[in-house]
Ligand SMILES: Cc1cc2nc3c(=O)[nH]c(=O)nc-3n(C[C@H](O)[C@H](O)[C@H](O)COP(=O)(O)OP(=O)(O)OC[C@H]3O[C@@H](n4cnc5c(N)ncnc54)[C@H](O)[C@@H]3O)c2cc1C
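In my numbering, the protein residues as written are 223 to 694.
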């Protein structure tokens, strides 16, 4: 008796993991393939000691990701702040807190801006007024036909038109949108910025809470994902790099790896956009939506790890808008050490929209960070740097520019059996983040579940584009 051919999910990042789990829970036989030896994709760590490619954080508004982490049993290995608190330090060493403040909790984190010390009373009132306008305009844009300028305009222009000056931008607007969108307001659409700000600030007191893994990223995600997938009876094959999708006429009939060709009638391609074209037949790669994958603009993240010979007084998370350090994470504390009981202390510095850092040598980047650090953490001045590493991810995320946002394709395609996933696809507004990846994977799985398998039941002889079949 012939057993049902599995759906093949290509790519074991968060999008692929979410797609496979959703399929598995619906009872759909599924095979997950990834070219690497660990699951997690860009959520990854490397080396010895194991360091993340860049500290990954999420917010309380990332509901699908939080649910996925629960499903994976990662609650105990994940921190989510009990109350939203983002310390922001200025050039004079003064700390201001963005986040909820007890009595104001009921009206949400936005209300906490009312006592944010880095903006004066006029700047705070103006920022609150502009935030309310942004919310109102976003609601109007949701109404059909009224979203044109909102989607096509740049957020920097919107901020200027709404009289948000350099200080409001630096200490509030850019501080929140540049890391979440991985691009400055000069590069992103107003709609993209409004989406994350509304999710993070208008959703209630918990939405701006910050969460992170308490272990190195690969250790965090890989084992848990493998266990959950196999408990559903799904198969995972690592070190399986897909070279080519095989078609029989218009239908998907398999995927080709160095280990052989795997028969399937349904595929979820959960790959980054720049990897898509090489595995699709030429004629298909030139057709929308696949052709747009090559035109999607990406943005870099640079992660800098600095280990000092003693504690230097860094909180778990610290925003530094006046310094090139941008966001500092105390890795030692995040990974569970009691406050400053460690002999050494390691920081992870995350540089967003980091194209300008890419051409510099690692030594130069480390020297810049080392020089800037004592201005925001004075104890770093007398500490000795015992180890340092720089990690560059040129294609860390896509840029949610007005042009790129239009190019993000839906998960369902017109090609029978072929579905897309990945944080770069259309996620209903989520930028290319962990949450975006999970949303895309779940949507791709639902598209597969709703789409019955093709009737064609090709034989092995059809695979590899033998006589009688033609590439699309
Ligand atoms: C340094 C850095 C910091 C970040 N910080 C944050 C953050 O703080 N918060 C946040 O929410 N997001 C952050 N992101 C973004 C987030 O990591 C990504 O949006 C998300 O992980 C993308 O998931 P994905 O599944 O869409 O793609 P990927 O994670 O890229 O997964 C694609 C998978 O496909 C596999 N693959 C590729 N080619 C093939 C092939 N031919 N055959 C088989 N498998 C293949 C890859 O090995 C990979 O596992 C960060 C990203 C980086 C790089």
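The C-beta atom is built at its ideal place from N, Cα and C for all residues, glycine as well.
6 angstroms Cβ shell around residue i - same chain, five flanking residues per side excluded
| i | result |
| --- | --- |
| residue 200 | A query on residue 200 cannot be resolved here, the shown segment of the chain reaching from 223 to 694 and no further. |
| residue 602 | 534, 595, 596 |
| residue 253 | 228, 230, 457 |
| residue 538 | 552, 555, 556 |
| residue 490 | 231, 241, 641, 643, 666 |
Residue i (DSSP reduced to helix, strand or coil)
| i | result |
| --- | --- |
| residue 265 | coil |
| residue 237 | helix |
| residue 200 | For the chain, the structure presents residues 223 to 694; residue 200 sits outside this window and is missing. |
| residue 479 | strand |
| residue 473 | strand |
| residue 660 | helix |
| residue 522 | strand |
| residue 226 | coil |
| residue 585 | helix |
| residue 565 | coil |
| residue 293 | helix |
| residue 504 | helix |
| residue 365 | coil |
| residue 350 | helix |
| residue 242 | helix |
| residue 636 | coil |
| residue 580 | coil |
| residue 541 | strand |
| residue 373 | helix |
| residue 302 | strand |
| residue 382 | helix |
| residue 164 | Because residue 164 is not part of the residues shown, which for the chain are 223 to 694, the question remains open. |
| residue 260 | coil |
Which residues DSSP lists as bridging residue i, in chain order
| i | result |
| --- | --- |
| residue 570 | 527, 551 |
| residue 278 | None; residue 278 has no bridge partner. |
| residue 625 | Answer is none; residue 625 lacks a bridge partner. |
| residue 490 | 231, 641 |
| residue 308 | 320 |
| residue 534 | Its beta-bridge partners do not exist; DSSP assigns none. |
| residue 468 | 476 |
| residue 288 | According to DSSP, which records beta bridges pairwise, residue 288 is partnered with nothing at all. |
| residue 609 | 529 |
| residue 620 | 520 |
| residue 484 | 477 |
| residue 255 | 232, 459 |
Own chain, CB closer than 7 angstroms to residue i, minus 5 neighbours either side, in chain order
| i | result |
| --- | --- |
| residue 614 | 522, 524, 580 |
| residue 481 | 462 |
| residue 397 | 310, 541, 543 |
| residue 274 | 267, 438, 439, 525, 570 |
| residue 446 | 294, 295, 296 |
| residue 414 | 403, 622, 627, 653 |
| residue 630 | 646, 647, 648 |
Cβ-based burial, residue i [other Cβ within 10 Å; buried from 16]
| i | result |
| --- | --- |
| residue 342 | exposed |
| residue 395 | buried |
| residue 658 | buried |
| residue 277 | buried |
| residue 420 | buried |
| residue 548 | buried |
| residue 431 | buried |
| residue 622 | buried |
| residue 500 | exposed |
| residue 256 | buried |
| residue 598 | buried |
| residue 388 | exposed |
| residue 411 | buried |
| residue 315 | exposed |
| residue 633 | buried |
| residue 517 | exposed |
| residue 589 | exposed |
| residue 681 | Bear in mind that a pLDDT of 37 at residue 681, under 50, signals an unreliable position, so the model cannot answer this. |
| residue 616 | exposed |
| residue 340 | buried |
| residue 337 | exposed |
| residue 359 | buried |
Cβ shell of residue i (< 8 angstroms), same chain only, five flanking positions each side left out
| i | result |
| --- | --- |
| residue 452 | 458 |
| residue 300 | 291, 433, 434, 435, 436, 442 |
| residue 308 | 319, 320, 321, 430, 432, 539, 541 |
| residue 391 | 381, 407 |
| residue 493 | 232, 233, 501, 644 |
Check: residue i C-beta below 7 angstroms from any heavy atom of ligand 2
| i | result |
| --- | --- |
| residue 507 | You won't find ligand 2 in this model; what it holds is ligand 1. |
Which runs of the beta strand (DSSP E) at least 3 residues long sit entirely within the region 386-461? Give them in chain order. The DSSP assignment places 432-435, 457-459 as complete runs of the beta strand (DSSP E) inside the region 386-461, in order along the chain (cut-off: 3 residues).
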